[in-house]
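Structure first, then comments.
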Amino acid sequence: MPTLSREIALSLYRWSTTRTRMHLAKQFEASGTYPAAILFYHRVADSHPNGWTISNSNFAQHLDWVQQNARFASLSDIRKSQRNGHRTVAMVSLTFDDGYSENCEKAIPTILERKIPCTYFVSTHFVETGEPFPHDRAAGIPLKPNTIEEIQRMASQGITIGGHTHTHLDLGKPLSAEQIKREISDSRKKLQDWSQQPVHYFAFPYGLKENVSQQSIDAVLEAGYECFLTAAGGLNWPGEDPVHLQRIHGDPGMAALTNWLTLDPRKLKLKSPVVIDPSVYRQRMDAPSDSDRSSQG
Ligand SMILES: [Zn+2]
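Laid out in structure tokens, this is it:
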């Protein structure tokens with residue numbers, strides 16, 4: 000949760016760099032090189048605040064701000080403009096990680112009511128068993144995961160369901176064949192069964208450089224995912240590899256959000272946390288994507 004002094008410092012920094020940001024925005028609009036931001040949240044709830052929870056009123060403020068200052072887009076739309084190398088507007092995509100039951104009380108109905116595209120990444124073990132996530136158990140507050148029925152309902156209402164492993168495993172460590180099967184391919188099959196949707200997107204748990212390996216990237220693509228997402232805070236530039244998308248944490252507060260989404264000059268320099276094997280990349284670029292095929296018929 001942000002402190003007041005951090006909020007003030009960030010607002011001052013944003014204000015002092017306004018001219019640079021306006022200049023950059025004009026430049027990106029004119030050249031079609033506007034970066035896209037993908038926000039990730041975990042839990043929207045008014046009880047048990049923690050570092051991965053945002054209140055319903057703060058979340059609504061974030062949605063208001065993005066709707067007034069940028070354009071909400073689906074991951075599929077962002078990937079299209081990554082692929083064709085041209086984007087003239089500030090696009091923002093909304094995602095959730097893990098699968099917390101309370102999101103279905105207000106946040107998801109609000110998103111649906113506002114017709115905002117949203118991708119919801121789910122760790123299947125917790126949904127199947129109702130067990131709390133390891134990070135909540137460790138923090139001493141066992142919060143309630145989503146149920147299979149909630150995942151089914153969200154999917155039927157238009158929320159895109161994505162994979163987030165079975166047990167929220169850190170995929171930066173070497174993986175056995177059994178782990179790959181359970182965490183990546185079997186978990187994708189379960190999500191497809193529950194959602195009755197093809198599941199194209201995979202978000203790496205923890206999502207930093209140390210939580211991703213070439214072995215796990217290969218396993219994700221071999222399991223049939225089209226695209227994987229990390230969470231190291233970077234933006235997505237037109238023309239970049241659409242097999243990998245970078246995300247920004249939405250929880251740290253309004254000042255951080257508005258700072259990042261208005262072309263923070265420091266943010267623009269952030270490097271991608273993963274280097275993709277060019278042979279895997281070429282293979283994926285040459286193949287028509289499932290989402291393209293489905294949209295044609
Ligand atoms: Zn997670």
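Taking numbering that gives the first Met the number 0, the leading residue of the sequence shown gets 0, the next gets one more, and so forth.
Note that CB positions come from ideal geometry on N, CA and C, so glycine has one too.
Proximity test, residue i beta-carbon vs ligand 1 heavy atom, cut-off 6 angstroms
i: proline 204; result: yes
i: aspartate 45; result: no
i: aspartate 97; result: yes
Which of helix, strand or coil DSSP assigns to residue i
i: asparagine 258; result: helix
i: alanine 35; result: strand
i: tyrosine 12; result: helix
i: alanine 59; result: helix
i: histidine 85; result: coil
i: valine 242; result: coil
i: phenylalanine 120; result: strand
i: threonine 164; result: coil
i: phenylalanine 95; result: strand
i: asparagine 68; result: helix
i: arginine 113; result: coil
i: valine 273; result: coil
i: phenylalanine 132; result: coil
i: leucine 228; result: strand
i: asparagine 49; result: coil
i: histidine 248; result: strand
i: arginine 42; result: strand
C-alpha gap between residue i and residue j, whole angstroms
i: glutamate 112; j: asparagine 49; result: 27 angstroms
i: isoleucine 77; j: asparagine 235; result: 8 angstroms
i: histidine 134; j: proline 204; result: 12 angstroms
i: methionine 153; j: glutamine 67; result: 25 angstroms
i: asparagine 198; j: glutamate 225; result: In the sequence as displayed, the identity of residue 198 is valine instead of asparagine. Using only the alpha carbons, I get a separation of about 9 angstroms.
i: isoleucine 150; j: methionine 21; result: 41 angstroms
i: serine 92; j: histidine 41; result: 14 angstroms
i: glycine 157; j: glutamine 245; result: 23 angstroms
i: proline 34; j: arginine 86; result: 7 angstroms
i: histidine 61; j: leucine 74; result: 18 angstroms
i: threonine 229; j: valine 273; result: 8 angstroms
i: alanine 231; j: leucine 207; result: 5 angstroms
i: aspartate 96; j: alanine 8; result: 28 angstroms
i: threonine 16; j: valine 126; result: 44 angstroms
i: leucine 269; j: aspartate 263; result: 11 angstroms
i: asparagine 55; j: isoleucine 140; result: 19 angstroms
i: glutamate 177; j: threonine 261; result: 44 angstroms
Outcome for residue i when other beta-carbon atoms lying within 10 angstroms are tallied against a minimum of 16
i: lysine 189; result: buried
i: proline 287; result: Since pLDDT at proline 287 reaches only 45, below the 50 mark, its modelled position is unreliable, and the value read off the structure follows with that caveat. Per the 10 Å Cβ criterion, exposed.
i: threonine 118; result: buried
i: glutamate 221; result: exposed
i: asparagine 145; result: buried
i: glutamine 195; result: exposed
i: isoleucine 110; result: buried
i: proline 108; result: exposed
i: serine 186; result: buried
i: glutamate 148; result: exposed
i: glutamate 182; result: buried
i: glycine 84; result: exposed
CB contact below 7 angstroms: residue i versus chain C
i: phenylalanine 95; result: Judged by its chain identifiers, the structure shown contains no chain C, having just a single protein chain.
#### Entry: Those runs of the alpha helix (DSSP H) which lie wholly inside the segment 139-212 and span at least 4 residues
147-155, 176-179, 186-194
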